[in-house]
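First to last, the sequence lines map onto chains A and B.
Mapping to full-length UniProt numbering: the first sequence position 125 is 125, numbers consecutive.
Mapping to full-length UniProt numbering: the second sequence position 95 is 95, numbers consecutive.
All C-beta atoms, glycine included, are put in the ideal place defined by N, C-alpha and C.
Please read all numbers here as calculations on a predicted model, not as lab measurements.
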Amino acid sequence: MKDTPLSNCERDFLLKAIEEKKRLDGRQTYDYRKIKISFGTDYGCCFVDLGQTRVMAQVSCELVAPKENRPNEGIMFFNIELSPMASPGFEQGRQSELSVKLNRQLERCLRNSKCIDTESLCVVSGEKVWQIRVDVHTLNNDGNLMDAASIAAITALCHFRRPDVSTQGQEVTVYSPEERDPIPLSIYHMPISVSFAFFQQGTYLLVDPCEREERVMDGLLVIAMNKHREICSIQSSGGIMLLKEQVMRCSKIAGVKVSEITELINEALLNDRKARKAGGKCGFAESMPQERITALKKDETPVEMTDVTETANGIIQKGEAAPQTVPSPVVPVPGVGQVGQGLQNSWGLEDDDEDDYEEEKNDNSGDEQVEEVTKMDVGEGDVVEISDIEEEEVVILNPEVPEKPKNTGSKSHQKGAAASKKRQKK
Amino acid sequence: MTPSACDKSAFSTMEVCGSLTVSLREFGCEQSLLSRPDGSASFVQGDTSVMAGVYGPAEVKVSKEIYDRATLEVLVQPKVGLPSVRERSQEQCVRETCEASLLLTLHPRSSLTLILQVLHDDGSLLSCCLNAACMALMDAGLPMSCLFCGVTCAISTDGQIITDPTAAQEKESRALMTFAIDSAKHSVLMSSTKGSFSVHEVSGLMTGKKECAPFQTNKTVNAKPKRPDVTNRLH
């Protein structure tokens, strides 16, 4: 299935809003959407809601043989699954460009930053090590999957407990959770990625772009940082040129955001630990006994909407009437005609009598007129055909007519001729 | 088989049925919780939890187009790793059930996609998938001839029938059966069995199944369906 394309109107609207420092959901430039972190019933399962974006991360482990060149290091494996549930554009079982990009980014953020002590995952050097696998499933894509995935992955890794093992000679015993308490991974620091979207060749910057904003952005800068303000990875994509100052400013913003998010993660982990200690139900199952009804729940609108009708009416009353004059037709290059943008719609003029309609149409749509003019040059007999294909969208003009049709001396004559021909036809 | 023997075994089956406590774990559901899909639901049975999303009717690939009805595609995403044979067989079970209840002929040459994401598996996964699928299809507003529900039963080694088993109970069981039952006639739309069992045990189960089924009718569009008193209905 294909994703619904963004219309030109929406695109223009979004870009104009961004120019006016406004965002669709009422956020400020540097605001994140609401982040919610919750845990599943088993260890190493984490759900992250970033506004409407929703991802799930699950950590699992397995005893495997280590890599030959690193005999006493555990293996980390990351997999981002772009499930078709998240967006109709995602296909199952196909490595899309986006999924490769996100996977690589997550690997750089979490594996290459050495935030996890892989040596502690070694059981028998050269023979048995733990392989930690992180599966990130996207459930709903409303933009900025990278940040949501990185938060989910690192939180799940912090939450995860691996089974305890003991070695006696060559014998390895893996204990079940009932026999011995499982052991958490040793994590040195928590890298979190922060995304910055750039618009208009880097003139405007937004933190945490939503899906709509991602579609109209020119470039993306992703900075992974930990709370000690150490940059773990930095990536700019989309082919924009950034100034040194812009990158510096972004890294400063990232520092603030990362410390906020880290605090949130720690709080969520602490709450979960308390809940588990108390022995109650935890994770997403906890919403069950509360008999919550969410079907008729309405989300709060992020933008103040109480006086929107009055404001709209005020604008309509105060605003000046739309100009009646017709903008001059745009012919970008001789040889190319266009119908649509920049021209006035003449469809609503059916009430006028036939002659006026024809005349006006000829005045309004320069392309049609040009078309007729050129065709007239070719041969009179074709006119009949032309009037049938009036509604054609793209018209290739005869390149032998270099000057603008408005300036042609014979315009009125030819136009009249065309009109009369049409009338004859009718 | 002599009539008396038959009677006797039938009696013993009934006895089994009588001693069985038709109890389901606490279940709940949340609908339209995702913004992108046309319909979405998550269904929780005890600790087992499945999330479902539906897209469609939408355009279909030419290779998958069916000229007189919609093409239904079901995807089951496991929690860890990539989809394997187990997921493929679950997909098929869910697809056949949905195809039986959806009025696919109303949307010829279009595609419906149902994605099921396993959030936690603590037994009775297939029945939870079926229930989540039904709720998501309802949320998407697709025309259906009837609703359906899934019920999983396990027969333990000593002949006890356990409805809605947990993962531990499933592991110890002798046979495991999942049925999809429609809401209109309480007939069986799909069955999937594993392990060995006798014919009488199945017929005994069937009556139990049909008693479990009415809970589906209690599922209204308003999120949380009430838990019916299944045990009372059986006796």
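CB-CB length for residue i against residue j, believed under 8 Å
i: residue 158/B; j: residue 108/B; result: Not quite, the Cβ-Cβ distance comes to about 52 Å (not below 8 Å), so this is no contact.
i: residue 192/A; j: residue 151/A; result: 6 Å
i: residue 102/A; j: residue 80/A; result: 5 Å
i: residue 427/A; j: residue 223/A; result: Since the displayed chain A opens at 1 and closes at 426, residue 427/A lies outside it and no answer follows.
i: residue 142/A; j: residue 53/A; result: 4 Å
i: residue 31/B; j: residue 190/B; result: Not quite, the Cβ-Cβ distance comes to about 23 Å (not below 8 Å), so this is no contact.
i: residue 49/A; j: residue 36/A; result: 4 Å
i: residue 167/B; j: residue 194/B; result: About 14 Å separates the two Cβ atoms, so there is no contact after all.
i: residue 129/A; j: residue 64/A; result: 7 Å
i: residue 154/A; j: residue 82/A; result: Not a contact, Cβ separation roughly 19 Å.
i: residue 184/B; j: residue 97/B; result: Not really, about 14 Å apart at Cβ, beyond 8 Å.
i: residue 317/A; j: residue 235/A; result: The Cβ separation is near 50 Å, so there is no contact.
Straight-line Cα distance separating residue j from residue i
i: residue 267/A; j: residue 258/A; result: 14 Å
i: residue 62/B; j: residue 115/B; result: 21 Å
i: residue 119/A; j: residue 29/A; result: 42 Å
i: residue 404/A; j: residue 8/A; result: Because the pLDDT at residue 404/A is just 48, under 50, the model does not fix this residue reliably, and the point stays unresolved.
i: residue 300/B; j: residue 51/B; result: Residue 300/B is absent from the model: chain B starts at 1 and stops at 235.
i: residue 93/B; j: residue 110/B; result: 21 Å
i: residue 14/A; j: residue 212/A; result: 8 Å
i: residue 48/B; j: residue 58/B; result: 31 Å
i: residue 226/A; j: residue 162/B; result: 50 Å
i: residue 241/A; j: residue 93/A; result: 34 Å
i: residue 127/B; j: residue 137/A; result: 22 Å
i: residue 188/B; j: residue 71/B; result: 23 Å
i: residue 172/A; j: residue 75/A; result: 18 Å
i: residue 168/A; j: residue 77/A; result: 28 Å
i: residue 275/A; j: residue 216/A; result: 43 Å
i: residue 44/A; j: residue 55/A; result: 14 Å
i: residue 40/B; j: residue 117/B; result: 11 Å
i: residue 177/A; j: residue 163/A; result: 6 Å
i: residue 231/A; j: residue 185/A; result: 22 Å
i: residue 159/A; j: residue 206/B; result: 43 Å
i: residue 192/B; j: residue 98/A; result: 38 Å
i: residue 244/A; j: residue 33/A; result: 27 Å
i: residue 256/A; j: residue 195/A; result: 13 Å
i: residue 220/A; j: residue 206/A; result: 10 Å
i: residue 233/A; j: residue 187/A; result: 17 Å
i: residue 78/B; j: residue 262/A; result: 29 Å
i: residue 1/A; j: residue 82/B; result: 21 Å
i: residue 119/B; j: residue 321/A; result: 57 Å
i: residue 127/A; j: residue 169/B; result: 35 Å
i: residue 100/A; j: residue 107/A; result: 11 Å
Bridge partners - residue i, DSSP secondary structure assignment
i: residue 53/A; result: 50/A
i: residue 182/B; result: 148/B
i: residue 36/A; result: 49/A
i: residue 114/B; result: 54/B, 74/B
i: residue 221/A; result: 196/A, 236/A
i: residue 64/A; result: 129/A
i: residue 194/B; result: 176/B
i: residue 30/B; result: 42/B
i: residue 199/B; result: Answer is none; residue 199/B lacks a bridge partner.
i: residue 154/B; result: 162/B, 176/B
i: residue 28/A; result: Residue 28/A pairs with nothing; no bridge assigned.
Bounding residues of the alpha helix (DSSP H) (the contiguous stretch that carries residue i)
i: residue 69/A; result: Counting along the chain, residue 69/A falls outside any alpha helix (DSSP H), and DSSP gives it neither H nor E.
i: residue 118/A; result: Where residue 118/A is concerned, there is no enclosing alpha helix (DSSP H), given that its DSSP letter is neither H nor E.
i: residue 309/A; result: 308-318
i: residue 126/B; result: 125-140
i: residue 98/B; result: 85-101
i: residue 109/A; result: 97-110
i: residue 245/A; result: 244-278
i: residue 210/A; result: Where residue 210/A is concerned, there is no enclosing alpha helix (DSSP H), given that its DSSP letter is neither H nor E.
i: residue 17/A; result: 8-19
For residue i, the first and last residue of its enclosing beta strand (DSSP E)
i: residue 161/B; result: 161-163
i: residue 44/B; result: 39-45
i: residue 81/A; result: 75-81
Any non-hydrogen atom of the ligand HEM within 7 Å of residue i CB
i: residue 42/B; result: The ligand content of the structure shown is nil, which means the ligand HEM is not present either.
Counting only runs that start and end within the region 121-207 of chain A, where is the alpha helix (DSSP H) found for 4 or more residues in a row? 145-159
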